[in-house]
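Position one of the sequence shown corresponds to residue 0 (numbering that gives the first Met the number 0), numbered consecutively onward. Everything on this sheet refers to the single structure shown next.
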Amino acid sequence: MDARVKRTGGLIWPEEGVSSAVPYGVFTEQAVYDEEQARIYRGPTWNFIGLAAEVPNPGDFKTTYVGDTPVVMTRDDTGAIHAWVNRCAHRGALVCRELRGNNAAGTYTCVYHQWSFDAAGDLVGVPFRRGLGGKGGYPADFDLKAHGLRKLRVEDYHGVVFATFDANMPGVQDYLGAGEAMDAHLQRIFKDREIEVIGHARQYIPSNWKFYAENTKDPYHASLLHLFHMTFGLYRSSQVGGVKITNGWHTVLFSRSGTDSEAALADTKQSQLRTYQADTYTLDDPSLLRGRQGEWDDDVTLVIMSLMPSLVIQQIQNTLAVRQILPKGRDAFELVWTYFGYKTDDEELRNIRLKQINLIGPAGLISMEDGESSVICQQAVVRDQNDWSCIEMGGRDVQDADHLVTETTIRAFWDHYRALMGY
0 MDARVKRTGG LIWPEEGVSS AVPYGVFTEQ AVYDEEQARI YRGPTWNFIG LAAEVPNPGD
60 FKTTYVGDTP VVMTRDDTGA IHAWVNRCAH RGALVCRELR GNNAAGTYTC VYHQWSFDAA
120 GDLVGVPFRR GLGGKGGYPA DFDLKAHGLR KLRVEDYHGV VFATFDANMP GVQDYLGAGE
180 AMDAHLQRIF KDREIEVIGH ARQYIPSNWK FYAENTKDPY HASLLHLFHM TFGLYRSSQV
240 GGVKITNGWH TVLFSRSGTD SEAALADTKQ SQLRTYQADT YTLDDPSLLR GRQGEWDDDV
300 TLVIMSLMPS LVIQQIQNTL AVRQILPKGR DAFELVWTYF GYKTDDEELR NIRLKQINLI
360 GPAGLISMED GESSVICQQA VVRDQNDWSC IEMGGRDVQD ADHLVTETTI RAFWDHYRAL
420 MGY
């Protein structure tokens, strides 16, 4: 690694080349976290706010966040989806306090002074506007149109809803890389499909959000961290697979189970990995792994799409989910899981998806360790902000790979992150 350094953003980074080393201060410093909210979440990015299927009917709403800014996603009586900052234009109180629901009246009223807004965020009602008994009230030139909620630009892309504070952003497809790997894999899951939500889960993790972002871009940790993955063959680094990078920091990891070569499996066994226990453990109920092959007309059995900054889309066997990363401070984030299927699913396939939900989520058989790995990293880097991590597996460059033993996707993330942050 090039030992030359420069100080940017209060941190010491390698002076030249790809980000194969990252100062730990990006995970711990309040100034860095605050700058992220301005430059990334309120900057030139599209942020996932929900699935269109979460607000299927006029009057439906969902509260969520863009970064740490509270936001409400609504569907109006024409079917259009809107998003606005969940902060009353009067005195700054939350307007919508429920997680989700249906507002048949079509108005959202702040409990504090009962200012009311429509589904698009426009102010439509103010109590005592003309005063009472000829006394009080707002000035004669008070304009409802000037006191609406702050609106975000919204795009529904094949049922995945994104929002941005940047009015000049190109469309979502261009942001994802039109025709490239990320766009192609997203369309593989969502295009021309009627999505149906089948469940939710939430977990609060005392760690910086970027540790989890790294985790979702790390294709070889699953063989070393997740015993269930490795032992039962859902995912191994020895399988046929690879990684794709689009537009700098969006990444796709994919693999095909059952494609391990004899040589790769022999190397795995000789490594005596803690997570490879194929000769030790069996399942009392193997139906957990008995999915439906070829659902997407290909032999891909695992896809992890990381759409920065806030979304992970997964297909593991036949289970489908989106994971929304919500920063809650420099050392905490919330992970919101939304499980889904298709309205065309038959009963057997629906039951497969419901059973395979046990693989993922906060206590999932193959995902519970990811939250803990983020926590132990956060605990260890609380000091020594200018010590560096080492991200050199697979080299020091940034490019697609036709294997799963690389950190090129993490290096890509940090390169684009530095560009957005001005480091």
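In this text, a Cβ means the ideal position worked out from N, Cα and C, and glycines have one as well.
- Between Ile324 and Tyr211, the C-beta gap is smaller than 8 Å, which places the two residues in contact.
- Bounds of the alpha helix (DSSP H) holding Ser372 are 367-379.
- Straight across, the Cα-Cα distance linking Thr405 with Leu319 is about 25 Å.
- Considered as a whole, the region 148-224 harbours 152-156, 159-163, 194-204 as its complete beta strand (DSSP E) runs of no fewer than 3 residues, in chain order.
- By the beta-carbon neighbour count (other beta carbons within 10 angstroms, threshold 16), Phe127 is exposed.
- Straight through space, the alpha carbons of Gln355 and Ile390 are spaced by roughly 32 Å.
- Per DSSP, the continuous alpha helix (DSSP H) segment holding His415 begins and ends at 407-420.
- Distance from the CA atom of Ile194 to the CA atom of Asp386, rounded to whole angstroms, is 45 Å.
- Inter-segment contact for the region 366-382 and the region 338-349 is absent: fewer than three beta-carbon pairs are separated by less than 8 Å.
- Ala82 has Met72 as its beta-bridge partners, per DSSP.
- Secondary structure of Asp67 (DSSP, three-state): coil.
- One alpha carbon belongs to Val84, the other to Arg41, and they sit about 12 Å apart.
- Judged by DSSP in its simplified three-state form, Glu34 adopts helix.
- Within the same chain, and ignoring the five residues on either side of Thr77 in sequence, the residues whose Cβ sits closer than 8 Å to its Cβ are Pro57.
- Out of Ser237, Val299, Asn246, Leu224, the CA that lies nearest to the CA of Arg255 is found in Val299.
- Boundaries of the beta strand (DSSP E) harbouring Leu50: 46-50, taken from the DSSP string.
- Nearest to Trp336 by alpha-carbon distance, out of Phe189, Tyr174, Ile312, His220, is Ile312.
- CA-CA distance, Val251 to Ala180, rounds to 7 Å.
- For Lys354, the enclosing alpha helix (DSSP H) covers residues 346-355.
- For the set Glu35, Ser372, Leu175, Leu334, the Cα lying nearest the Cα of Gly360 is the one of Leu334.
- Val71 sits close to Phe60, with the two beta carbons spaced by under 8 Å.
- Under the three-pair Cβ rule at 8 Å, the region 158-178 does not count as touching the region 135-143.
- Within its own chain, the residues whose Cβ lies closer than 6 Å to the Cβ of Leu143, once the five positions on either side in sequence are excluded, are Leu122, listed in chain order.
- Where Leu131 is concerned, there is no enclosing beta strand (DSSP E), because DSSP gives it neither an H nor an E.
- Contact between the region 155-169 and the region 36-50 is present: 3 or more CB-CB pairs across the two stretches fall below 8 Å.
- In the structure shown, Gly240 falls within a strand segment according to DSSP collapsed to helix, strand and coil.
- At a Cβ-Cβ threshold of 8 Å, Asp67 and Pro326 count as neighbours.
- Cβ-Cβ separation between Asp414 and Gly241: approximately 19 Å, too far for a contact (criterion under 8 Å).
- In this structure, Ile197 and Leu353 form a Cβ contact; the two beta carbons are roughly 7 Å apart against a cut-off of 8 Å.
- Ser18 sits in coil when the DSSP states are folded into three classes, being neither helix nor strand.
- Annotation: the continuous beta strand (DSSP E) that includes Tyr341 extends over 332-341.
- By a beta-carbon distance limit of 8 Å, Tyr23 contacts Ser388. Their separation comes to about 7 Å.
- Nearest to Leu224 by alpha-carbon distance, out of Glu371, Arg395, Gln29, Arg74, is Glu371.
- Per DSSP, Tyr107 is one residue of the beta strand (DSSP E) stretching across 106-108.
- Excluding five sequence positions before and after Asp182, the CB atoms of its chain that fall closer than 8 Å to its own CB belong to Gln172, Leu175, Gly176, Thr245, given in chain order.
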